[in-house]
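Here the structure is laid out as structure tokens; the discussion comes afterwards.
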């Protein structure tokens, strides 16, 4: 067995610090929505780092960046990376860690294997967060050739600018989107913060993702009757909020019945007319339900609808449900998962398998390319917030494991 | 016994039609907030009708209008009326019916009693709805001398205009508010739509109000922890909305336990951050609770707070409650209630006693002056909406009963 590969800790810290300044908001957190000035500035910084690392840099038709270490075998290529865009007021690590970790990993590999067996590329996805356009994993879908160029005219940001206009501002031509498609990729590895509390609470160093949950969003409209809160006897009411309250509790109960890692959450709920002295006439809410097993995901979805409708009937209100989102789960590659576990065991670090309840570029690429993810802990599970935090000493094992796994895949 | 007094049906209909045009909104309904152009236009129309009815018209320091039929005894005066202002997009009858009905009643009385035993005044209250300034029964409180003139500088409308500025635009001097106080009033009668569904559903012609419910509004803040809806296991959540759902059901259950006419309603509820993929961190809601018995009102209020706090504890979230409003109930005058019942029985109409769950000028005046209210049915209980409707043939018995009762009080 070779000596351990050592990633450059100081470089990782300085790159993360540098990225977090780009798009920094006065109130804390950063915002680098796709095709914005901050996004472009971050990509220019990353481009410099890729060049410094001795990699051949290339940008594709949507703005994904690649830094290539040419192997003896030009393909299949091993991709390693994550996304450069952020949510509004996002934290220091979401996406950024996977990009910086990939650069550090490939730098370390190149130092020992100037020409590895397989070609290895850092992949800097242009868009993952839907924080400007709800365009659904734009970078990864482009790479798989799954974007219809007409989509670029369809999506608009909050200012009414189309995604196509935003692309053109950075010299990208929406008609060329199909050129971003690649069929030479043999594996994808992504390092990410967990964005949940499990590793942190359990005191475990690393998570190895075995699947990314399937996701449904179901819009529920509960229509009762708005009445005066003082004059309308209880028995004569059609209180949409009382019925909704029973549904919210039922959604929680449903997820508990299915058990971990099922999720059912009502995060968005709007009451109409929302006046203290008026019995709510209409309530709109969204049920976010997730499961990594497709059959159970579908059963969960069906129960969400069935239980809301039944509660509506018993409360004398009208319930309409519509499925807004139906994303199937993505299993990770068992072979790469096993390989990651081996390299972690070799280092002697603790780890556990996890299901990712959050979406990632890996869930798109993983449908066509053998893919795996490594998680580092998120302090208190915080993410999508300036409170997002993982101490450097908990970050480094993740980058190290990523480097070890890519080295095994690419150089042996 | 005298012949029946007959009110002028055509006049009532034309006055109601005329008022509903003043402040009419393009989307339906009228808006005549206090100290607005529409409000003033309505008062000018009413002033004309009072003069046509042969009454001596006077305006007080806040803009309440009075039309007086002088009696043999100058005081105590019998007041009869309601308010001229409306909610936004209000209906045709709320307030307007009580004003128009009072004019029609006093006209009919004057025709038979040019100089009645007691002085009778139509009272057109300048403000009742809080729809521009949350100034809490401005017209009635002024009449009782309960307004501190400094209040006029304190209240602001949505455009930042103070109530004092708004008064000055119509030539009213806030420093003179105390002059509106009257101590010569011996009785107040108010005709109003029920604004609830009881008379309409039960097919009863008239309601005789025995009390106006005491009202509490309790603000409840439920603080859990915002977390990612995908990554956070159920057992690790502090879901403020799940806890709130249990509270909403508990509020309904509490009112049901106390029985009619107790009310407990959650009409306003706001979720933070209100995103489909984020476990709600904070929910704010308001409990509107009402009871006509002060002891039971206070017990209800204490239970609202106690149950929310207990549910919070069992859900591991932090609950803060604060009482925003505490208005005691106002019992109506048993003597005037009995008199109204007698005149209705004499006409042979059906009636029932009711508790008013809504607030009215009568609840302010009734604390110091013997007061009573007559309700006519509201179709489907609709009010504060363009859908507010009572057919003329259901309106007339209310005006007739009002006229009969005022005649009995003032002329015998």
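Protein chains in written order, with this note's numbering: chain G, 35 to 446; chain P, 35 to 446.
Every residue, glycine too, gets a C-beta built ideally from N, C-alpha and C.
As the structure is a prediction and not an experimental result, all values here were calculated from the model.
- Per DSSP, reduced to three states, the secondary structure at residue 285(G) is helical.
- No Cβ of chain G is located within less than 7 Å of the beta carbon of residue 446(P).
- Relative to residue 411(G), the option among 349(G), 226(G), 372(G) whose CA is nearest is 226(G).
- Contact annotation, residue 97(G) with residue 160(G): C-beta distance approximately 4 Å; criterion of less than 8 Å satisfied.
- Residue 252(G) is bridged by DSSP to 321(G), 357(G).
- Between residue 289(P) and chain G, the shortest Cβ-Cβ separation is below 7 Å.
- Scanning the region 382 to 408 of chain P from its first residue to its last, the whole beta strand (DSSP E) runs of 3-plus residues come out as 385 to 390.
- Within the same chain, Cβ atoms closer than 6 Å to the Cβ of residue 173(G) are found at 98, 159, 160, 161, the five residues on either side in sequence being excluded.
- Unbroken alpha helix (DSSP H) stretches of 4 residues or longer found wholly inside the region 161 to 215 of chain G: 172 to 177, 185 to 188, 197 to 202, given in chain order.
- For residue 348(P), the enclosing alpha helix (DSSP H) stretches over residues 328 to 349.
- By the neighbour-count definition (other C-beta atoms within 10 Å, threshold 16), residue 48(G) is an exposed residue.
- Ranked by Cα distance from residue 208(P), the options 264(P), 416(P), 94(P) are led by 94(P).
- Taking a cut-off of 8 Å for Cβ pairs, the region 388 to 396 of chain G and the region 167 to 184 of chain G touch, as three or more such pairs fall below it.
- If you ignore the 5 residues before and after residue 405(P), its C-beta comes within less than 8 Å of the C-beta of 221, 222, 223, 224, 364, 366, 367, 370, 396, 399, all in its own chain and listed in chain order.
- Residues of the region 415 to 441 of chain G with a Cβ closer than 9 Å to any Cβ of chain P, in chain order: 415, 416, 417, 418, 419.
- Check the Cα spacing between residue 253(P) and each of 113(P), 322(P), 170(P), 269(P): the tightest is with 322(P).
- Leaving aside the five residues that flank residue 416(G) on each side, the residues in its chain whose CB is nearer than 6 Å to its CB run, in chain order, 422.
- Residue environment: residue 55(P) is assigned as exposed (fewer than 16 neighbouring CB atoms within 10 Å of its CB, all protein chains considered).
- Of the residues 184(P), 191(P), 434(P), 293(P), the one whose Cα lies closest to the Cα of residue 168(P) is 191(P).
- Cβ-Cβ separation between residue 232(P) and residue 388(P): approximately 6 Å, consistent with a contact (criterion under 8 Å).
- DSSP, read as helix, strand or coil, puts residue 126(G) in coil.
- For residue 420(G), no alpha helix (DSSP H) segment is defined, and its DSSP state is neither H nor E.
- In the three-state DSSP reduction, residue 56(P) falls in the coil class, being neither helix nor strand.
- Sixteen is the threshold: when 16 or more other Cβ atoms of the shown chains lie within 10 Å of the Cβ of residue 299(P), as they do, the residue is buried.
- Taken through DSSP and simplified to helix, strand or coil, residue 86(G) comes out as helix.
- Under DSSP, the beta-bridge partners assigned to residue 117(P) are 159(P).
- When C-beta atoms of the region 330 to 345 of chain G are compared with those of the region 285 to 301 of chain G, three or more pairs fall below 8 Å, so the two segments count as touching.
- At a Cβ-Cβ threshold of 7 Å, residue 403(G) and residue 435(G) do not count as neighbours.
- Shown here, residue 96(P) sits in coil according to DSSP, grouped into three states, outside any helix or strand.
- The continuous alpha helix (DSSP H) containing residue 429(G) extends over residues 426 to 445.
- If the five residues before and after residue 375(G) are omitted, its C-beta is found closer than 6 Å to the C-beta atoms of 242, all from its own chain and listed in chain order.
- Among the residues facing chain P, residue 341(G) is not included, as its CB has no counterpart in that chain under 7 Å away.
- For the pair residue 247(G) and residue 362(G), the CB atoms are not nearer than the 7 Å cut-off.
- Excluding sequence positions up to five before and after residue 166(P), its CB lies within less than 6 Å of the CB of 67, 68, 191, all in the same chain and listed in chain order.
- Taking C-beta atoms as the reference points, residue 385(P) and residue 240(P) count as a pair closer than 7 Å.
- When C-beta distances to chain P are compared with 7 Å, the residues of the region 303 to 337 of chain G below that value are 303, 305, 308, 309, 310, 311, 312, 313, 314, 320, 322, 324, in chain order.
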